[in-house]
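Enquirer: Take a look at the following structure, please.
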Amino acid sequence: MTKKALIFGITGQDGSYLSRLLLKKNYEVHGVKRRSSSFNTSRIDNIYQDPFVKKKKLILHYGDITDSNSVFSIIKKVNPNEIYNLAAQSHVAVSFEIPEYTTNTDALGTLRILDSILRINKKIKFYQAGSSEMFGKVMEVPQTENTPFYPRSPYGVAKVYSHWITKNYRESYKIFASNGILFNHESPLRGETFVTKKIVQGLCRIKFGKQKKLFLGNLYSKRDWGHAEDYVMAIWKILQQKNADDFVICTGKQFTIKQFLNMTARKLKMSLSWKGKGLNEKAFIKNKPIIEIKKKYFRPSEVDKLVGNYRKAKKRLNWKPKHDLNSLIDDMINYELKLLEK
528 MTKKALIFGI TGQDGSYLSR LLLKKNYEVH GVKRRSSSFN TSRIDNIYQD PFVKKKKLIL
588 HYGDITDSNS VFSIIKKVNP NEIYNLAAQS HVAVSFEIPE YTTNTDALGT LRILDSILRI
648 NKKIKFYQAG SSEMFGKVME VPQTENTPFY PRSPYGVAKV YSHWITKNYR ESYKIFASNG
708 ILFNHESPLR GETFVTKKIV QGLCRIKFGK QKKLFLGNLY SKRDWGHAED YVMAIWKILQ
768 QKNADDFVIC TGKQFTIKQF LNMTARKLKM SLSWKGKGLN EKAFIKNKPI IEIKKKYFRP
828 SEVDKLVGNY RKAKKRLNWK PKHDLNSLID DMINYELKLL EK
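Numbers 528 to 869, taken from our numbering, label the letters of the sequence shown in order.
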């Protein structure tokens with residue numbers, strides 16, 4: 528029997544990769560997208576079929592995670608085997624500017640789905656997309672499923688609520704509800720305001736004369752970066768387990784933003800020289816400044832270092848990352864260069 532999956536957040540980076548994976552596994556995939564006057568499905572356009580084609584495998588529904596009636600009616604209509612909640616206001620820095628919307632989407636959105644499952648069909652399996660930002664001001668290194676949370680942003684706080692309400696519904700109502708605590712995962716499909724995409728896209732454009740400078744914030748934040756393509760495989764595996772549980776998904780390796788920058792520049796054969804400190808730090812090519820630091824890109828409260836331990840996922844899910852940071856950057860660069868060629 529063909530399984531049905533419902534993805535909230537299907538038009539995002541993870542939704543796009545997860546859709547492709549599920550279609551390969553012969554799922555009927557349903558996705559929820561917000562109504563917009565402009566097209567917002569670019570990441571899934573090449574796998575979306577015309578709605579009038581018979582036996583379609585990818586079906587889109589208009590809806591909004593902030594609307595309880597919308598969430599309930601879509602779940603009742605589709606009655607899926609699995610629900611993946613990837614919908615979020617996922618930009619950490621932006622969450623300081625719109626904390627109420629971030630909370631409504633990232634925290635209460637999860638509750639709306641769980642409560643709908645409870646009222647419609649308790650046999651539906653549920654995946655909640657957690658984040659390493661929940662660890663925030665880290666209590667131990669590396670971070671595991673048992674590390675206490677200390678979020679440092681409205682985004683992180685909202686995700687902590689989602690994590691615990693998922694566990695609460697699992698324990699209170701015996702719903703199959705699992706959390707994935709995903710560390711930073713990037714890809715060519717990453718949004719343009721995220722620092723990795725901003726760096727790769729910016730340096731490619733600077734190299735070919737399409738952009739003059741790149742402006743960044745804290746160069747010394749340390750992150751555990753993986754590839755979204757690897758991480759959606761872990762997401763799917765989490766819902767194939769006999770029992771619901773929570774899993775850290777990461778690479779176990781840590782790099783600073785400056786290291787990511789330098790690696791990208793080397794691959795593009797751009798010779799950077801750094802001068803200055805703090806807000807005055809700049810990167811030059813032949814005495815021409817191309818990277819500058821701006822205070823506006825610093826968060827009100829910083830998360831300085833994140834690195835996870837995926838031992839539990841390796842043992843229980845038989846999962847480990849296939850990509851390293853080098854191959855991730857290669858993927859992202861190749862994508863940008865192809866766009867520039869066009």
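For each residue, glycine too, the CB sits at the ideal point set by N, CA and C.
All figures in this text were calculated on a predicted structure; none of them were measured in a lab.
Could you check which residue in His618, Ile820, Ser689 and Glu627 has the C-alpha nearest to that of Tyr654?
Expert: Reading the sequence shown from its first residue, position 127 is the one you call residue 654. Nearest of His618, Ile820, Ser689 and Glu627 to Tyr654, Cα basis: Ser689.
Enquirer: Kindly identify the DSSP beta-bridge partner or partners of Ile586.
Expert: Along the sequence shown, one-based indexing puts residue 586 at 59. Its beta-bridge partners are His557.
Enquirer: Thinking Tyr682 and Thr629 are a contact (beta carbons under 8 Å), I'd like their distance in whole angstroms, please.
Expert: On the sequence shown, position 155 is the one that residue 682 refers to. On the sequence shown, position 102 is the one that residue 629 refers to. Yes, Tyr682 and Thr629 are in contact; Cβ-Cβ is about 6 Å, under 8 Å.
Enquirer: Residue ranges of each alpha helix (DSSP H) run of no fewer than 4 residues wholly in the stretch 700–738, ordered along the chain?
Expert: Fully enclosed alpha helix (DSSP H) runs of 4 or longer: 722–734.
Enquirer: Can you check DSSP and say which residues form a bridge with Gly835?
Expert: On the sequence shown, residue 835 is found 308 positions in, with the first residue counted as 1. Paired residue(s): Gln670.
Enquirer: Quick check: the stretch 669–683 against the stretch 595–614, are there 3 or more CB pairs under 8 Å?
Expert: Here the stretch 669–683 makes no contact with the stretch 595–614; the two share fewer than three CB pairs at distances below 8 Å.
Enquirer: Quick one, are the C-beta atoms of Glu698 and Met859 less than 8 Å apart?
Expert: Within the sequence shown, residue 698 is the residue found at index 171, counting from 1. Within the sequence shown, residue 859 is the residue found at index 332, counting from 1. Result no, Cβ atoms of Glu698 and Met859 do not sit closer than 8 Å.
Enquirer: Which residues bound the alpha helix (DSSP H) around Ala881?
Expert: Absent from the model: residue 881. The displayed extent of the chain is 528 to 869, so no value can be given.
Enquirer: Just curious, the beta strand (DSSP E) that Pro816 is in, first and last residue?
Expert: The sequence position of residue 816 within the sequence shown is 289, counting from 1. Where Pro816 is concerned, the enclosing beta strand (DSSP E) stretches over Lys815 to Ile820.
Enquirer: Taking the alpha carbon of Tyr824 as the point to measure from, which residue in Val559, Lys603 and Ser622 has its own alpha carbon closest?
Expert: Locating residue 824 in the sequence shown gives position 297, counting from the first residue. In this structure, Ser622 is the residue among Val559, Lys603 and Ser622 with its C-alpha nearest to the C-alpha of Tyr824.
Enquirer: By DSSP, does Leu509 sit in helix, in strand, or in coil?
Expert: The first residue shown for the chain is 528 and the last is 869, placing residue 509 beyond what the model contains.
Enquirer: Classify Pro607 as buried or exposed, calling it buried when 16 or more other Cβ atoms lie within 10 Å of its own Cβ.
Expert: Translated into positions along the sequence shown, residue 607 becomes position 80. Its Cβ being crowded by 16 or more others within 10 Å, Pro607 is buried.
Enquirer: Please state the DSSP three-state secondary structure of Asn596.
Expert: What you label residue 596 is simply residue 69 of the sequence shown in a count that begins at 1. Correct three-state label for Asn596: helix.
Enquirer: Give me whichever residues DSSP pairs with Gly542 in a beta bridge.
Expert: Along the sequence shown, one-based indexing puts residue 542 at 15. Beta-bridge pairing links Gly542 to no other residue.
Enquirer: Looking at the secondary structure, which residues open and close the alpha helix (DSSP H) in which Glu624 lies?
Expert: In the sequence shown, residue 624 corresponds to position 97, counting from 1. It spans Val619 to Glu624 - the alpha helix (DSSP H) in which Glu624 sits, taken as one unbroken run.
Enquirer: My output table needs one value for Phe676: the three-state DSSP class, helix, strand or coil.
Expert: Here residue 676 is taken as the residue at index 149 of the sequence shown, counted from 1. Coil at Phe676, not helix or strand.
Enquirer: Identify whether Val830 lies in helix, strand or coil by the three-state DSSP scheme.
Expert: In the sequence shown, counting from the first residue as 1, residue 830 sits at position 303. Looking at Val830 - three-state DSSP - the assignment turns out to be coil, as it is neither helix nor strand.
Enquirer: Could you check how far apart the C-beta atoms of Arg835 and Ser659 are, in whole angstroms? I think they sit under 8 Å.
Expert: Position 308 of the sequence shown holds residue 835. Position 132 of the sequence shown holds residue 659. Here the sequence assigns Gly to residue 835, which means Arg is not the residue at that position. About 6 Å separates the two Cβ atoms, so the contact holds.
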